[in-house]
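Numbering (our numbering), first residue to last: 777 to 1102.
Note that CB positions come from ideal geometry on N, CA and C, so glycine has one too.
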Amino acid sequence: MAETIDINEDLILNYDADVFDTLLRDQTTQRNIFWATSDYEGLGEGFEYNSPILPKLITGKHIRVIRPRTLKARELQSARAREMAEVFTPSWVCNAQNNLIDEAWFGRKDVFNHETKLYDGTPSWEANPEPITFPKGKTWKDYVLDTRLEMTCGEAPYLVSIYDTTTGEYIPIERRIGLLDRKMRVICENTKSTEEWLKWAQEAYKSLYAFEWQGDSLLLAREAMYDSFADYYRYKFGTEPLKESVKDIAYIISWNIFQMDGLKCVIPNSCEPETEDLFGNKVKQPCKGCKDGSILGHNGIAVLVRDWHVKDEEAQVITFSSLLKK
Ligand SMILES: C[S@@+](CC[C@H](N)C(=O)[O-])C[C@H]1O[C@@H](n2cnc3c(N)ncnc32)[C@H](O)[C@@H]1O
């Protein structure tokens, strides 16, 4: 794969239009994910805040419309930081925090890498080359199955690290630090056949969840997850994965990396005013959740997620808010 940080939407579309459609799908609304930002409105029809992101709007002559934050113009970066608190975390910080999660899980430090400093003092890390060993009572399969969620994920730097989202620096596969990267490393080290690798790669993707408000960042997060799959397949087997396998992964991604207002557990801006009858006068009021500021009690479109390990497929689909109620 080209060592570029801007994943090319034309390449995905030309590879398979269905895969591209799946990566744009919102499984809650059964429509496409939408922009949920006004940043593109100047480009004309179809780029409005509430419009769906369509393949024709981000491919061909529009190929450079969706770009990672680090390649966006400075003024746009500042506006997004002001309006949506969009400030991305450097890879070395994601690494240090992911290391802490692993330290708790493995019961020892520096499992995947050890933190270092560059000659100029910038924090960095070096990958440990030896295969990962597992503590007594835990196996590599337990590690792959352990569920993780990146909240307000932006371009999902805690999950995947093809590039440093703050500097744009490309990160080679052996040095990647995301939660998906760690699981894929473990799978590559412990499987032999393509069947076994594919089964566990799917488990890894099913175990990782993330949500984000803005449609462009969400798509970049999904694309990074998608691209990582073929990266690791090539790394392990030296060939391309079959299209069917890629389609399965795209489908999992379309469920697990989703668009949501994390303060309300609904599709962004989907709450409707309610009409209240106050002493015979009909008055428009914000919905209960919007009025009292609580996370539950919103009347917007409740976001659906899939718990892949429930046996009955229909029972797998639950509202995200039901997880909080538990
Ligand atoms: C500080 S950035 C963090 C992104 C990423 N997790 C990282 O560490 O680099 C915050 C992200 O939260 C998103 N965001 C802001 N408010 C949100 C909300 N209510 N629900 C979901 N995402 C939100 C923004 O669009 C932005 O991408």
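Shortest alpha-carbon distance to residue i belongs to which of the options?
| i | options | result |
| --- | --- | --- |
| Trp1031 | Glu1052, Asn790, Ala997 | Ala997 |
| Tyr825 | Trp811, Asp940, Gly897 | Trp811 |
| Glu862 | Trp973, Arg845, Arg952, Pro948 | Arg845 |
| Asp1037 | Gln873, Ala1078, Trp989, Leu799 | Trp989 |
| Ser1097 | Pro1049, Leu1080, Glu1090, Met927 | Leu1080 |
| Asn871 | Gln853, Trp881, Thr928, Ala903 | Ala903 |
| Ala855 | Tyr895, Thr813, Gly820, Tyr791 | Thr813 |
| Leu956 | Lys1019, Thr941, Thr923, Trp881 | Thr923 |
| Asp815 | Pro831, Lys848, Lys832 | Lys848 |
| Glu965 | Tyr895, Asp886, Lys1012 | Lys1012 |
| Pro911 | Tyr895, Pro905, Trp881 | Trp881 |
| Gly818 | Leu852, Ala793, Thr804 | Leu852 |
| Met927 | Thr909, Ala980, Leu894, Phe987 | Phe987 |
Please classify residue i as buried or exposed, where buried requires at least 16 neighbouring CB atoms within 10 angstroms.
| i | result |
| --- | --- |
| Lys1102 | exposed |
| Arg958 | buried |
| Gly913 | exposed |
| Val1059 | exposed |
| Lys982 | buried |
| Tyr985 | buried |
| Ser867 | buried |
| Asp802 | buried |
| Leu974 | buried |
| Tyr939 | buried |
| Met960 | buried |
| Thr804 | buried |
| Glu785 | buried |
| Thr941 | buried |
What's the gap between the Cα of residue i and the Cα of residue j?
| i | j | result |
| --- | --- | --- |
| Trp901 | Ile963 | 22 Å |
| Ser1046 | Phe888 | 41 Å |
| Ile1107 | Gln1061 | Only positions 777 to 1102 of the chain appear in this structure, which leaves residue 1107 out of reach. |
| Ile949 | Gly1069 | 43 Å |
| Gly883 | Cys1063 | 46 Å |
| Lys837 | Ile877 | 43 Å |
| Asp1024 | Gly1056 | 55 Å |
| Phe1034 | Ala1000 | 14 Å |
| Asn790 | Val1022 | 14 Å |
| Arg858 | Asp886 | 36 Å |
| Asp1088 | Cys929 | 29 Å |
| Glu1020 | Glu931 | 25 Å |
| Ile953 | Asp792 | 29 Å |
| Pro1014 | Asp782 | Strictly speaking, residue 1014 in this sequence is Gly, with Pro absent from that position. Cα to Cα, the separation comes out at about 23 Å. |
| Ala1078 | Leu894 | 46 Å |
Below 8 Å CB to CB, which residues in the same chain sit around residue i once its five sequence neighbours on both sides are set aside?
| i | result |
| --- | --- |
| Met777 | Bear in mind that a pLDDT of 42 at Met777, under 50, signals an unreliable position, so the number given afterwards is only what the model happens to contain. If we look at Met777 and ignore the five residues flanking it on each side, its Cβ neighbours are Asp1003, Ala1006, Asp1007, Arg1010. |
| Lys1040 | Cys1047, Gly1065, Cys1066, Ile1071, His1074, Gly1076 |
| Glu891 | Trp868, Asn871, Ala872, Asn875, Pro899, Ser900, Trp901 |
| Thr1051 | Lys1058, Val1059, Lys1060, Gln1061 |
Counting only the same chain and skipping the five closest in sequence on each side, list residues whose C-beta sits under 7 Å from that of residue i.
| i | result |
| --- | --- |
| Ile829 | Leu800, Asn808, Ile809, Phe810, Trp811, Gly991, Leu995 |
| Arg1092 | A quick correction: the sequence has Gln, not Arg, at residue 1092. Hits under 7 Å: Arg1082, Asp1083, Trp1084, Val1086. |
| Trp976 | Val920, Ile963, Thr967 |
| Arg951 | Ala903 |
Leaving out five residues before and five after residue i in sequence, what residues of the same chain have Cβ atoms less than 6 Å from its Cβ?
| i | result |
| --- | --- |
| Val841 | Ile834 |
Any heavy atom of ligand 3 closer than 7 Å to the Cβ of residue i?
| i | result |
| --- | --- |
| Ala872 | Within the structure as shown, ligand 3 is missing, the only ligands being ligand 1. |
When you compare the CB of residue i with every CB in chain C, is at least one pair closer than 8 Å?
| i | result |
| --- | --- |
| Phe1096 | You won't find chain C in this structure, because it holds only one protein chain. |
Three-pair Cβ contact test at 8 Å for the segment 907-920 versus the segment 932-945
no
Across the segment 1018-1032 and the segment 787-803, are there enough close Cβ pairs to call them in contact, namely three or more that are closer than 8 Å?
yes
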